[in-house]
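This report refers to the structure that appears directly beneath it.
In this note's numbering, the protein residues as written are 16 to 81.
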(Lines of atoms letter the chains of each structure in order from A; the text may use other names.)
(Lines give C-alpha, C1' and ligand atoms only; values in the text may rest on other atoms or scores of the structure.)
Protein backbone atom coordinates (compact mmCIF):
# COMPACT_ATOMS: atom_id res chain seq x y z
CA UNK A 16 0.00 0.00 0.00
CA UNK A 17 1.29 3.45 -0.91
CA UNK A 18 0.85 6.01 1.87
CA UNK A 19 1.53 9.73 1.94
CA UNK A 20 2.45 10.12 5.63
CA UNK A 21 5.89 11.40 4.65
CA UNK A 22 4.28 14.19 2.63
CA UNK A 23 2.69 15.67 5.75
CA UNK A 24 5.97 15.30 7.68
CA UNK A 25 7.92 17.04 4.90
CA UNK A 26 5.37 19.84 4.72
CA UNK A 27 5.58 20.34 8.49
CA UNK A 28 9.40 20.42 8.42
CA UNK A 29 9.34 23.02 5.66
CA UNK A 30 6.55 25.07 7.26
CA UNK A 31 4.22 24.66 4.29
CA UNK A 32 0.46 24.56 4.81
CA UNK A 33 -1.99 22.65 2.65
CA UNK A 34 -3.16 25.96 1.20
CA UNK A 35 0.41 26.97 0.32
CA UNK A 36 1.04 23.58 -1.23
CA UNK A 37 -2.05 23.94 -3.41
CA UNK A 38 -0.94 27.39 -4.54
CA UNK A 39 2.68 26.38 -5.23
CA UNK A 40 1.94 23.10 -6.99
CA UNK A 41 -1.31 23.87 -8.76
CA UNK A 42 -3.17 20.90 -7.30
CA UNK A 43 -6.78 21.25 -6.21
CA UNK A 44 -8.57 20.49 -2.94
CA UNK A 45 -9.92 17.23 -4.35
CA UNK A 46 -6.36 16.00 -4.85
CA UNK A 47 -5.42 17.01 -1.30
CA UNK A 48 -8.40 15.00 -0.05
CA UNK A 49 -7.20 12.01 -2.09
CA UNK A 50 -3.71 12.36 -0.62
CA UNK A 51 -5.07 12.46 2.92
CA UNK A 52 -7.08 9.30 2.22
CA UNK A 53 -4.06 7.55 0.63
CA UNK A 54 -6.01 7.12 -2.60
CA UNK A 55 -4.59 6.87 -6.13
CA UNK A 56 -3.12 9.97 -7.70
CA UNK A 57 -1.42 10.57 -11.03
CA UNK A 58 2.35 10.55 -11.41
CA UNK A 59 2.22 14.10 -12.75
CA UNK A 60 0.79 15.10 -9.35
CA UNK A 61 3.77 13.49 -7.64
CA UNK A 62 6.01 15.50 -9.95
CA UNK A 63 4.19 18.72 -9.01
CA UNK A 64 4.48 17.92 -5.30
CA UNK A 65 8.22 17.19 -5.50
CA UNK A 66 8.79 20.37 -7.47
CA UNK A 67 6.75 22.54 -5.09
CA UNK A 68 8.43 21.06 -2.01
CA UNK A 69 11.88 20.83 -3.60
CA UNK A 70 12.21 17.23 -2.45
CA UNK A 71 12.65 13.67 -3.67
CA UNK A 72 9.82 11.19 -4.18
CA UNK A 73 10.87 9.23 -1.09
CA UNK A 74 10.24 12.37 0.98
CA UNK A 75 6.52 12.23 0.19
CA UNK A 76 5.51 8.60 -0.38
CA UNK A 77 6.21 5.27 1.23
CA UNK A 78 5.29 1.69 0.42
CA UNK A 79 3.97 -0.29 3.35
CA UNK A 80 3.36 -4.00 2.88
CA UNK A 81 -0.14 -4.98 3.89
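For glycine and all other residues, C-beta sits at the position ideal for the given N, C-alpha and C.
Cα-Cα separation, residue i to residue j
i: residue 75; j: residue 65; result: 8 Å
i: residue 78; j: residue 53; result: 11 Å
i: residue 37; j: residue 43; result: 6 Å
i: residue 63; j: residue 30; result: 18 Å
i: residue 55; j: residue 27; result: 22 Å
Status (buried if at least 16 other CB within 10 Å, exposed otherwise) for residue i
i: residue 46; result: buried
i: residue 35; result: exposed
Short Cβ contact (9 Å threshold) for residue i with residue j
i: residue 21; j: residue 73; result: yes
i: residue 68; j: residue 33; result: no
First through last residue of the alpha helix (DSSP H) which encompasses residue i
i: residue 3; result: As displayed, the chain neither begins before 16 nor continues past 81, which places residue 3 out of reach and without an answer.
i: residue 20; result: 20 to 29
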